[in-house]
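Novice: Handing you this structure, nothing more for now.
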Amino acid sequence: GMGGPGEPLAVNGAGTIIVGSSWDRRNVFHAVKWSLRSGTWTLTSLPLAPSANSAIARGVNNNGDVAGNDFPGPAANAVLWPAAGGFTMLDCTNDVRPEEGNAISAGAQVVVGNVGDNPPLHIRTAAVWQRAAPCKQLLPGLVEGMFSDAFAVNGDGTVIGGYASVGVSNENAVPVRWQKVVGGWVIE
Numbered sequence: 557g558m559g560g561p562g563e564p565l566a567v568n569g570a571g572t573i574i575v576g577s578s579w580d581r582r583n584v585f586h587a588v589k590w591s592l593r594s595g596t597w598t599l600t601s602l603p604l605a606p607s608a609n610s611a612i613a614r615g616v617n618n619n620g621d622v623a624g625n626d627f628p629g630p631a632a633n634a635v636l637w638p639a640a641g642g643f644t645m646l647d648c649t650n651d652v653r654p655e656e657g658n659a660i661s662a663g664a665q666v667v668v669g670n671v672g673d674n675p676p677l678h679i680r681t682a683a684v685w686q687r688a689a690p691c692k693q694l695l696p697g698l699v700e701g702m703f704s705d706a707f708a709v710n711g712d713g714t715v716i717g718g719y720a721s722v723g724v725s726n727e728n729a730v731p732v733r734w735q736k737v738v739g740g741w742v743i744e
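Here my numbering is used: position 97 in the sequence shown is 653, and no number is missing along the way.
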């Protein structure tokens, strides 16, 4: 490890890349990638934006692209770490609300997660980030203004799994899926 505890959170289809987080000896939280090459696992800390002080990786696709978010203080930003290296901040809308990238499609760079409200509400809304415009879309809820979150996405990024609340807290949530249709997304 990096000197502190690590937590694996996702694995690619071949089982050769695992992503998650690890603490270092200075108590800094890192997004990390474990890669299997020639029978040996190698741990790599993923790069941060200059504004970030830590990060977490929560998803990896079959191309080795990694999704997660960084933490530049109180507001997280959804991030894509391409297999080729570097990082891409996914929010092209200059939205200042906190974002979490929870998963990435196996065969595409479609990332799902949530966008949170600024305090005091702390309501999360499921979101999808895609390369095509608009790059970030908030997914519809079962009840407008209630909690939702996206945690899984199919291989081509057209079906998303998560939950949506039918009441005033996420304790009233039910499993849902969103399906891509012409012009947007529908909740089922």
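Heads up, the beta-carbon is just placed ideally off N, CA and C, and yes, glycines get one too. If you're wondering where the values come from, they're calculated on a predicted model, not measured in any experiment.
If you count every other CB in all the chains shown that lies within 10 Å of the CB of W685, and 16 or more means buried, which is it?
Specialist: W685 comes out buried.
Novice: Using three-state DSSP, classify N609 as helix, strand or coil.
Specialist: It is coil, neither helix nor strand.
Novice: Distance, Cα to Cα, G559 vs W579?
Specialist: G559 and W579: Cα-Cα distance of roughly 7 Å.
Novice: Specify the secondary structure class of E744 as computed by DSSP and reduced to three states.
Specialist: Coil.
Novice: Taking 7 Å as the limit between beta carbons, can you name the residues of its chain near L604, skipping five residues before and five after?
Specialist: Excluding positions up to five away in sequence, the list reads A611 and D626.
Novice: Using only CA atoms, which one of A608, R687 and G723 lies nearest to G713?
Specialist: Of the candidates A608, R687 and G723, the one whose C-alpha sits nearest the C-alpha of G713 is R687.
Novice: Do G711 and S661 have their C-beta atoms within less than 9 Å of each other?
Specialist: The answer is yes: Cβ separation under 9 Å.
Novice: Mapping the DSSP letters down to three states, classify N710 as helix, strand or coil.
Specialist: In the structure shown, N710 sits in coil (DSSP, three-state: anything other than H, G, I, E or B).
Novice: Assign N633 to one of three DSSP states: helix, strand, or coil.
Specialist: Looking at N633 - three-state DSSP - the assignment turns out to be strand.
Novice: Could you spell out the range, first to last residue, of the beta strand (DSSP E) harbouring H678?
Specialist: From DSSP, H678 is part of no beta strand (DSSP E); its letter is neither H nor E.
Novice: From the DSSP output, which residues share a beta bridge with P564?
Specialist: BP columns for P564 point to G576.
Novice: What are the residues that DSSP puts in a beta bridge with E656?
Specialist: According to DSSP, which records beta bridges pairwise, E656 is partnered with N670.
Novice: Quick check on DSSP: helix, strand or coil for N650?
Specialist: It is coil, neither helix nor strand.
Novice: How many Å lie between P654 and S594 at the Cα?
Specialist: Distance between the alpha carbons of P654 and S594: 39 Å.
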